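This note's numbering runs 12 ahead of the 1-based position in the sequence shown. A short write-up of the structure that comes next.
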Amino acid sequence: MTAAALGAYIVFEDEAGFSMTPPRARTWGRRGHTAVVRVRGRSWRRWSIAAMCCYKPGETSRLIYRTRRHRKHKGKGRDTFAWSDYRDLVVRAHIQLQAPIVLIWDNLNTHRAAGMRDYAAAHDWLTIIQLPSYAPDLNPAEGVWSLLRRGPLANTAFTDDEHLERTLRRGLRHIQLRPDLIDGCFAGTGLTLTHQPTTIRRAQ
């Protein structure tokens, strides 16, 4: 059964981490004087984002996301998304889109967790496809990270965790309100929704 026959959205998911150290970007400056942005030395304070770019011919493209703050625990490393967090995000997307979902994501261990596989097997509205290894260029969500890093995060000295969170949410909201940007992320992969569809098989 194809995505078109199912009336499904094709949903690409990816996750990325953002710290209080901003990404490098270009800016204007006096000749011979390098622009310097001073930041606090607490780069371990991070936020992670799991984002879904949702596409369906004839429908407005959507961006759905979830954020998570990393709290550093002594001897336990940082908090990360669990398979149940991804499940909850998928359920949220299904409710918002009101349609079956063909979910495409990478081979992260959490994505392939037994709980996630069992959930997909028990719900016929969800089909999961793994991207080939080392193929971030095929995932439109990578374009979302690029928009954030080249836009609101660039050359910003964050004062605290909340400042970083506000900036991330503002940037994500801007993208949500601009379906053309979400479409541009898809166009950047070189993929198309209009070629002859191939059979989609449920991941084992």
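Heads up, the beta-carbon is just placed ideally off N, CA and C, and yes, glycines get one too. This structure is a prediction, so every number in the text was calculated from the model and none was measured.
Environment of residue i [buried if 16+ CB atoms lie within 10 Å]
i      : result
GLY155 : buried
ARG213 : The pLDDT assigned to ARG213 is 49, lower than 50, so where the model puts this residue is not dependable, and the model offers no usable value.
TYR146 : exposed
ARG58  : buried
Whole-angstrom distance between residue j and residue i, CA atom to CA atom
i      : j      : result
ARG129 : CYS66  : 21 Å
ALA166 : ALA134 : 43 Å
GLU71  : LEU203 : 17 Å
LEU1   : ASN151 : Look at the range of the chain in this structure, 13 to 216, and you will see that residue 1 is not part of it.
ALA153 : VAL23  : 10 Å
PRO164 : LEU184 : 10 Å
LEU205 : THR171 : 42 Å
TRP137 : ALA169 : 43 Å
ALA28  : LEU160 : 11 Å
ALA125 : ALA63  : 19 Å
VAL102 : ASP192 : 23 Å
TYR21  : TYR131 : 18 Å
LEU3   : THR92  : With the chain represented from 13 up to 216, any question about residue 3 goes unanswered, as that position is not in the structure.
Three-state secondary structure (DSSP) of residue i
i      : result
ASP149 : helix
GLU177 : helix
GLN108 : helix
TRP137 : coil
VAL23  : strand
THR122 : helix
PRO209 : Note that PRO209 scores a pLDDT of 41, beneath 50, so its modelled location is shaky; the value from the coordinates is reported in the next line. PRO209 falls in the coil class under three-state DSSP.
LEU165 : coil
ARG43  : coil
ARG182 : helix
ARG18  : Looking at the sequence itself, residue 18 is Leu, so the reference to Arg does not match. Helix.
Start-to-end residues for the beta strand (DSSP E) that takes in residue i
i      : result
MET12  : An answer regarding residue 12 cannot be provided, because it is not within the stretch 13 to 216 covered by the chain.
ALA63  : 58-67
THR245 : Outside the shown range of the chain (13 to 216) lies residue 245, about which nothing can therefore be said.
LEU115 : 113-117
CB of residue i within 9 Å of CB of residue j, strictly
i      : j      : result
LEU18  : PRO112 : yes
ILE76  : ALA94  : no
GLU25  : ILE116 : yes
THR79  : TYR98  : no
ASP149 : THR201 : yes
Element boundaries [alpha helix (DSSP H), containing residue i]
i      : result
LEU193 : 191-199
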